[in-house]
Structure formats: C-alpha cells, structure tokens
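Note that the protein sequences, when read in sequence, are chains A and B.
Going by the UniProt record's numbering, the first sequence opens with residue 1, and the numbers climb by one from there.
Going by the UniProt record's numbering, the second sequence opens with residue 1, and the numbers climb by one from there.
For every residue, glycine included, the Cβ atom is placed at its ideal position computed from N, Cα and C.
Remarks on the structure that follows.
2 protein chains.
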Amino acid sequence: MSDTTAPPRQLHLNINVLHSGFVPSAWRLPDADPHAFIDVGHYVRVAQIAEAAKFDAVFLADNASIVEQIDFRPITALEPTVLLACVAAATTHIGVIGTASTSYNEPYNIARRFATLDHVSKGRAGWNVVTTADLGSARNFGRDAVPDHAGRYARAAEFTDVVKALWDSWEDDALIGDKVSGRFIDTDKVQPIAHHGTHFSVQGPLNLPRTPQGHPVLVQAGGSADGRDLAARHAEAVFSASQSLEESQAYGRELNARAAAYGRGPHAVKILAGLTTIIGATEADAIRRRNELIDMIPWSYNINRLAGILGVAPDRIKLDERLPDDIGLPNKGNGNHTFFNATLAQARLHGYTARQLVYALAGGGGHRVVVGTPEQIADDIEHWFKAGAADGFNLMPDALPSGLQDFSEGVVPILQKRGIFRREYEGTTLREHLGLARPAGRKGIAAAA
Amino acid sequence: MSDTTAPPRQLHLNINVLHSGFVPSAWRLPDADPHAFIDVGHYVRVAQIAEAAKFDAVFLADNASIVEQIDFRPITALEPTVLLACVAAATTHIGVIGTASTSYNEPYNIARRFATLDHVSKGRAGWNVVTTADLGSARNFGRDAVPDHAGRYARAAEFTDVVKALWDSWEDDALIGDKVSGRFIDTDKVQPIAHHGTHFSVQGPLNLPRTPQGHPVLVQAGGSADGRDLAARHAEAVFSASQSLEESQAYGRELNARAAAYGRGPHAVKILAGLTTIIGATEADAIRRRNELIDMIPWSYNINRLAGILGVAPDRIKLDERLPDDIGLPNKGNGNHTFFNATLAQARLHGYTARQLVYALAGGGGHRVVVGTPEQIADDIEHWFKAGAADGFNLMPDALPSGLQDFSEGVVPILQKRGIFRREYEGTTLREHLGLARPAGRKGIAAAA
Chain A
1 MSDTTAPPRQ
11 LHLNINVLHS
21 GFVPSAWRLP
31 DADPHAFIDV
41 GHYVRVAQIA
51 EAAKFDAVFL
61 ADNASIVEQI
71 DFRPITALEP
81 TVLLACVAAA
91 TTHIGVIGTA
101 STSYNEPYNI
111 ARRFATLDHV
121 SKGRAGWNVV
131 TTADLGSARN
141 FGRDAVPDHA
151 GRYARAAEFT
161 DVVKALWDSW
171 EDDALIGDKV
181 SGRFIDTDKV
191 QPIAHHGTHF
201 SVQGPLNLPR
211 TPQGHPVLVQ
221 AGGSADGRDL
231 AARHAEAVFS
241 ASQSLEESQA
251 YGRELNARAA
261 AYGRGPHAVK
271 ILAGLTTIIG
281 ATEADAIRRR
291 NELIDMIPWS
301 YNINRLAGIL
311 GVAPDRIKLD
321 ERLPDDIGLP
331 NKGNGNHTFF
341 NATLAQARLH
351 GYTARQLVYA
361 LAGGGGHRVV
371 VGTPEQIADD
381 IEHWFKAGAA
391 DGFNLMPDAL
401 PSGLQDFSEG
411 VVPILQKRGI
421 FRREYEGTTL
431 REHLGLARPA
441 GRKGIAAAA
Chain B
1 MSDTTAPPRQ
11 LHLNINVLHS
21 GFVPSAWRLP
31 DADPHAFIDV
41 GHYVRVAQIA
51 EAAKFDAVFL
61 ADNASIVEQI
71 DFRPITALEP
81 TVLLACVAAA
91 TTHIGVIGTA
101 STSYNEPYNI
111 ARRFATLDHV
121 SKGRAGWNVV
131 TTADLGSARN
141 FGRDAVPDHA
151 GRYARAAEFT
161 DVVKALWDSW
171 EDDALIGDKV
181 SGRFIDTDKV
191 QPIAHHGTHF
201 SVQGPLNLPR
211 TPQGHPVLVQ
221 AGGSADGRDL
231 AARHAEAVFS
241 ASQSLEESQA
251 YGRELNARAA
261 AYGRGPHAVK
271 ILAGLTTIIG
281 ATEADAIRRR
291 NELIDMIPWS
301 YNINRLAGIL
311 GVAPDRIKLD
321 ERLPDDIGLP
331 NKGNGNHTFF
341 NATLAQARLH
351 GYTARQLVYA
361 LAGGGGHRVV
371 VGTPEQIADD
381 IEHWFKAGAA
391 DGFNLMPDAL
401 PSGLQDFSEG
411 VVPILQKRGI
421 FRREYEGTTL
431 REHLGLARPA
441 GRKGIAAAA
C-alpha cells in the first residue's frame, strides 16, 4: 500500500434544520416538543449532534411571511443570522449557513450581517442567496404584487455583486493596531466600492474588516434558468432538488458548464442534493414510520399544499385520483419551479393518485425521500455520490432531532467505514470543510491583473 | 426596624461596550488587544464581568458607515443583533440592547430580528431606536444626501409603530401545539396589522410568535425636540447625555411630561445618563490615567473630531485658544444636537482652550466624564440618583475590560452597601431588571377597550 495514494473524494453533509423536521406532522411525535421551532436549545442540540457526526454545516431556510398552514405545522420563525450566532457559540467546527433574501433587504446590511457571523464563528458562515416570490412577503414590504421572476433575479445578481465587493473593501492586512506608533488601520487598504448599478448605489467601504474566510460561503438553491445563472455566477454550493440520479448528474454538468462560461474553474460549484431520510431497523419499520407520520397530517393540509405547489384550486385535487391532466403548463414564474416540476414528475412517472403522491413525497413538495435501513440509505448516498450525481447532501430528516440521531448513529459510521466521509474535521472553517479556496482580496485581485 | 419598610429605589446600570473603551486611545493600553473590536470573546468577557456585577444590560451602539477616523481608533464594526446573540448565549441574566437604525432598514426585518433576539435570550432583548444622520451612511443606501431631520424622525415614529404592531400580531396564547388533536396554532389569534401609512405599508402578521417580554424593551437616545418626541411616544428607557445635574433633572421632567401627554403613566421613561468613568486608587492616580490616555491620542485626531462635532473647519480650532466665538448657531440638523450642545457648553462654561476641553471630555464628544476614586465615583452616582437626575447610568468606562473591572470591584460594592444597587438579580428578563411592565398583547388591548 503506497502512502502516495490520493485520499478518496469525500462527500459533504449539511443538516437542514427545518424546525421539528421535514414531515409536517413531526411535531406530533411522542418525543417532539411543539415549541421546538422557537426554542434556541432545539437548534443547538441538533447542531451539536451534527457536529459530533462531523457534518459540514447547519443550514437554515427562511421566509419573510407566513407561507405555511400554521394551524397544522410549525414555520421558519426565528431569524437565521441571530439564531446561527447562538449555534456558533455552542459549537466549534460545524459551519452555519443562513438564508437571506435579496428581494427585501439592502446589500450593505446583508454584507455586514453575514460578515459579522463569519467573524463571530471564526470562519464558519455561509449565506444562502434567495429571491422571495410569495405575495404575503411582498405585502410585508410595501408592495401589492410580487416582482417578476427576471426582475427578482437581476436584482439578486447585482445584490450579490455588491455584497462581494463590500466584503473585499478591506484588504486582509488593513488592520495594523500598532500601539507604539498609534497607527490603527492603514486607510490605503480600505477603499470605497463606488457601485452605481441598475438596482443599487452603494459607496462603501463596509464598516467591518475582511472576515476569516474572506467571503462567507455563497450558497444558492434556484432551479429555474435565472436561478441557475445566478448560481453559476456566484454560488460555491447549491442546494438542489432532483428526484432522479440522471437528472442530478445533468443538473451538475449544466451548472458547472455555465460557471465555466463565467470564467470559473472546473467543478466550481458543489452540488448538495436535498435528501429526506426516514430510517428504520428494517425496511418495514421505516415504511411504518413514514406511514404513521403521514397519517398524522390532516388530508385537508396535504390537498392545500399540493394545490399550492401545482398552482391549481384545491377542489381539483381528488385524493384517490391522478392529478388533473391539464396541470403541466409552466407556472406563472412566481412559484417554486423546482418543486412544481419535481412534484409533477413524480406523479406522472409512477401514475400516482394524489394520496399515493403524498406518501411518496413524505408530505413534502419536491425533495427526494429515501425510506429504509441505515445500510439502504448509505447505499443510496454512496451510489449517488460515486455516480457524480452529487458532491453531498442537504439532509432533511423526517423529524428532529430523532431522525438526525438515527442518521448519525446508523448511516454516518457506514459512510466512514466505506471511506467516503470524514472521521475528524481537518480544518476549522466552512471553506476548509467544503474544500473551497479562500477568495483573494482586493490586493490579490490587483496583483493578478 | 419594621419589615414593611419599602425597599429603597434601585438604580440601573448598563455597560456600553464601545469596543476597546470610551477614550479613543484605549486600544493602546498595555493590557488591551487591538483586535478586541472584532473579537466576540472581548464582548463576551465584558458582558460576563458586568453580569457578575449585576448590571441590567449590555448596550451596543451602531453605525451604517465608517464614522470615525480609523487610522487612529477602532469603530463599531460587528452588527449588534448577531453579536448580542453570542453574548446572550454566554450569559444568563444580563439584558442585551442593540442599536438599529430606522433610516435604512425595513420594519418587518427589524421586528423579526429583535423578536428573535428576545426569544433566544429568553426575554432579555432591547432595541435602541435611532435615525442615521451621516452622509456616508446615506451613500451606502442609494442616497446622495441625508434625509432631513424632521423626515427622519417622522419615519422613525411610524417605523416604531409598525414594529410594535407586528410584535403584537400574535396573541400570547396563539400557540396550541396539541399533539392529540393536531392543532398547532390558533389562527384566530394571529392577525394582520394592515398598516398603510406615510412611509410604510405592512400587511403582517409577523412570522414569529409573540416574545417572552411581549415587546423587547424600547430604548432611545435623541436629545433634539423630534428625538424627545419619539422617546416620549415609544421609549421605555433613554440613553441621555447631560453635563449637569440640573440639566438632567429638567430633561427627565420634560420627557416624562411629554410621555404623559401621550397618555403614558407617570415616570414612564427611565433616564439612563451617559457616564464615562476613569478610576484610580487616588484622585491623582485617576487624573494621571486620564492624562496618559489623552496623551496617546494624536492631536490631529482631537482637532478633527472637535471640528466635526462643532461643524467648523478643522483649521479654525487652535489648541491653546478658546473656541471661535461664532460657534453657537444651531447646527444644520444633521449632526448630533446633544453632542454639539454639550461640547460647546463645557467649553463656554469653563472658558476652556481646545486642549483643555479635550482633557475635560476625555477625548469624547459630549458625555459626562467623572475622574476619581471608587468612593468619589460612587458619591457622584448616588448624588445624581438621589437628586432624581437619573434612574441609572449607561456606563462607558475609559477602557474595556479594565475600566469595567475597576468599576465592578471598586464602585459596585459601595453602591450595594449604600442599598441603591442590587446584590442579586430578582428576575430573569430585562423588563424585570428595569422594573418595566410587560406590554399587554392584542387580546389585552381588546379587553381593555
């Protein structure tokens, strides 16, 4: 055995802390606390379990309005950057990725808040860049209608340009802090960005030194053409939603080709596929757990949710019939394309009735669901990973923390034994976990020019 | 001795964590770390010292641009809500008050972030409501000029109305979480706010349940007429800047009279006067410490800073002459009125030269500075407190953590011995520390109507 053998490629795992878990009824399990969605202790516990299992990062979604049927389930409620600061304070290695919208924020504020999160976590922050498409959010920010899809993404692209420029407005070595001479900061190394664009005019510089990672890691999740373009331009990791291995392979290839067209290196974007797991000691146990969870969701909830994703009136969904044939036109551009497509594809491919579709999606709207033993789940993950369908997974266990505990105790050791997942952290920053380079600062850019 | 004797009125103490301390050269002290201003560990250490001394709260200022001469001193850099989440995670009782501007934020985002801070701190959050008056900030948010003073305060007042309405958009008992029936939230108890005002249209509700304190504590610091009006309408505590006891008494009387005109109860607003302390074992030691600190500030810095506060060209400030006689017209409405007035009053009252003024203000711009032994400082505090010139103090030690350590070890025990400062926390929320009632929610408002 040669010690010059390259170590095998390693997969990446994020834990997506969807409050009580992915399945809408997770809060009703005997060991669940209905208050978990607003309990910082819940998020800290989940993060600590994930850190003990050597996950790359904690991931938090976000919304700017109530987008769920709260009579039956929890919502994303606590603001991610504040919550992740608490998570960072209670952990030492795991990354902290928070979602923030480019639609109803200002780039200066977002640059500053994620840079702060990177400073306080000592280099573990990531920003999941999204646009916001629901009418409820629009009406919380002075608008009567949702901005159109192309406009949202144009704003998002310019927004992200500005944020990155602000992060680079201080050179890495601008801080002198020389007590003898009294020089604190070398102001030649702190420069305005003087951005004057279509959507924003931002003079800069940021009022905060460059962060441990240079830039917090940029994450994106868009599946539409505009979303993929934004990801190709800016994202270092994407949270994707693909139902089939071939689709995910094609998605990754296409995205990295787009990135290359922006002058980025080969395989610049890590594909982290959304994955919901429902684990049992036997396959039958796992299916039983899934069915018990689904049976705790009111059917009225499921029908409304399906109708919402598919953009049809709820009374057109008949539980024991297939979906109406006339669904399938592109939706109006303000829903979630990825979830629309994935949900419809699942239904058509298998000829599911609406009821069967809900079981197959575990009450969700488009992410892939794997139900089985730890061995079966590890096999699935290894298969996708080795086939190049994903660089890793954004894990959404059925219920939290129980589903993560089962994954950490059951699946992670198998992946480690197979040599595709770390047994120890090798670095301390999120970039190091993900194998991403630290972006050169302005001086680096100038030197290279 | 009767055990029915009312306990004496207790004073309140906030620690204002101005990075390395109030004096611009504090970072140059031998025991100071120049990186402290971006080190979460520094803020946590200061908070833990203050909590051990039973302070009411940690207070963080904020800016949306670089407003200091960074070649000579640190700045407020880390975003307060993210930083305070870390402070809350490392403490159990002390309040966490952060500054956020109404000028360049949206009320929905601010309502959500401070509500999140209140949830994660279990009822210890406060929001210091400010407007932003510097051109640098305006240019970071797409504007070429600073909005006028009246416009800023009109926006701030409506902004605060909206935030409070959002905080009340969930009744306290809206969350059911009944696993048996599957009812999660009583949607009758979560209602839109449907605000359509001059500056904002916000539909609501907030996507977050009501917080432990009902509302995070509202703090304000404005000294102008518009600022006082905003404080009278909304503030539960003000961070004031008065150089004389009589001025502070008058300020408190006037503010509470204005508050009464808004239908608020007697003494609705706690006056927390800004206070900088420079402590020595003897008075001579304290003066020596002050002089050493001042002598480490470049005089060019001091002149520029004075000129900025007074709104004159730096070349009009002569170090060993009195300030020019023609200073004294009201400034143009975009500076800080309080600091302008206080600085000028100090200079005129004592006939100081510019150099003497810098020593008297300890390099600052308007807050009162007390230099002396722990006993002298305790005497000053007790005098102000018993004369009704303040309900407490927003403490800005010369240097941090050393100046706070000296205060905690030297001054606090004297105040405790004199019976005017707590020896133990009696409650767990910031409202309890400050003796503020928990605001009734919407149901309470409806029942009272």
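- Residues of the stretch 28 to 41 of chain A that bring their beta carbon within less than 7 Å of a beta carbon in chain B comprise Arg28, Pro34, His35, Ile38 and Val40, in sequence order.
- With at least 16 other beta carbons inside 10 angstroms of its own, Asn16 of chain B counts as buried.
- Annotated as proximal: Val23 of chain B and Asp398 of chain B, with beta-carbon spacing under 8 Å.
- Residue contact with chain B for Ile414 of chain A: absent (no Cβ-Cβ distance below 8 Å to any residue of chain B).
- Counting along the chain, the unbroken beta strand (DSSP E) around Lys270 of chain B starts and ends at Lys270 to Ile279.
- For secondary structure counted as the alpha helix (DSSP H) over 4 or more consecutive residues, the stretch 360 to 440 of chain B holds these complete runs in sequence order: 374 to 386, 402 to 406, 412 to 417 and 430 to 434.
- Apart from sequence neighbours up to five positions away, the residues of its chain that approach Arg73 of chain B with a beta-carbon distance below 6 Å are Pro24, ordered along the chain.
- Contact annotation, Lys189 of chain A with Trp170 of chain A: C-beta distance approximately 7 Å; criterion of less than 8 Å satisfied.
- The bridge partners DSSP lists for His119 of chain B come to none.
- Taking C-beta atoms as the reference points, Gly98 of chain A and Trp127 of chain A count as a pair closer than 8 Å.
- For the set B:Gln48, B:Ala342 and B:Asp186, the Cα lying nearest the Cα of Ile94 of chain B is the one of B:Gln48.
- In its chain, beyond the 5 residues on either side, Ile75 have a beta carbon closer than 6 Å to the beta carbon of Glu68 of chain B.
- Within chain B, the residues whose beta carbon sits less than 7 Å from that of Glu106 of chain A are Tyr104 and Phe141, listed in sequence order.
- If the five residues before and after Gln10 of chain A are omitted, its C-beta is found closer than 7 Å to the C-beta atoms of Ile420, Phe421 and Arg422, all from its own chain and listed in chain order.
- Apart from sequence neighbours up to five positions away, the residues of its chain that approach Lys443 of chain A with a beta-carbon distance below 6 Å are Glu171, ordered along the chain.
- Residue state for Thr338 of chain B is assigned as helix, using DSSP reduced to three classes.
- Contact between Leu323 of chain B and Ala354 of chain B holds, since their C-beta atoms are separated by about 6 Å, short of 8 Å.
- What Phe184 of chain B touches in chain A, judged by beta-carbon distance under 8 Å, is Trp27, Pro34, Ile70, Asp71, Phe72, Arg73 and Pro74, going in chain order.
- By DSSP's assignment, Arg183 of chain B forms a beta bridge with B:Asp178.
- Following the DSSP letters along the chain, one finds Leu319 of chain B in no alpha helix (DSSP H), marked with neither H nor E.
- Under a criterion of Cβ atoms nearer than 8 Å, the residues of chain A adjacent to Ile66 of chain B are, in order, Val190, Pro205 and Asn207.
- Between Asn302 of chain B and chain A, the shortest Cβ-Cβ separation is not below 8 Å.
- By the Cβ criterion, the stretch 80 to 90 of chain B is in contact with the stretch 81 to 95 of chain A, since at least three pairs of Cβ atoms, one from each stretch, lie closer than 8 Å.
- Counting the other Cβ atoms within 10 Å of the Cβ of Ser103 of chain B gives 16 or more, which makes it buried.
- The three-state reading of DSSP puts Ala100 of chain A in strand, counting E and B together.
- Val312 of chain B and Ala345 of chain B have their C-alpha atoms roughly 16 Å apart.
- Between the stretch 33 to 41 of chain A and the stretch 120 to 139 of chain A there are fewer than three inter-stretch CB-CB distances shorter than 8 Å, so the stretches are not counted as touching.
- The C-alpha of Thr198 of chain B lies about 29 Å from the C-alpha of Gly204 of chain A.
- Inter-residue distance for Ala32 of chain B and Asp226 of chain B is about 39 Å (C-alpha atoms, whole angstroms).
- The beta carbon of Phe184 of chain B sits closer than 7 Å to those of Ile176 and Gly177, all from its chain and outside the five residues before and after it, given in chain order.
- Where Val130 of chain B is concerned, the enclosing beta strand (DSSP E) starts and stops at Ala125 to Val130.
- Here His234 of chain B carries a helix assignment [DSSP, helix/strand/coil].
- In terms of Cβ geometry, Ala231 of chain A and His367 of chain A do not form a close pair [threshold 8 Å].
- A check of alpha carbon separations from His149 of chain A across A:Thr373, A:Arg253 and A:Ser224 identifies A:Ser224 as the nearest.
- Excluding its 5 nearest sequence neighbours in each direction, Gly364 of chain A has C-beta neighbours in its own chain below 7 Å: Phe22 and Thr276, listed in chain order.
- The beta carbons of Arg228 of chain A and Leu255 of chain A sit about 6 Å from each other, so the pair counts as a contact at 8 Å.
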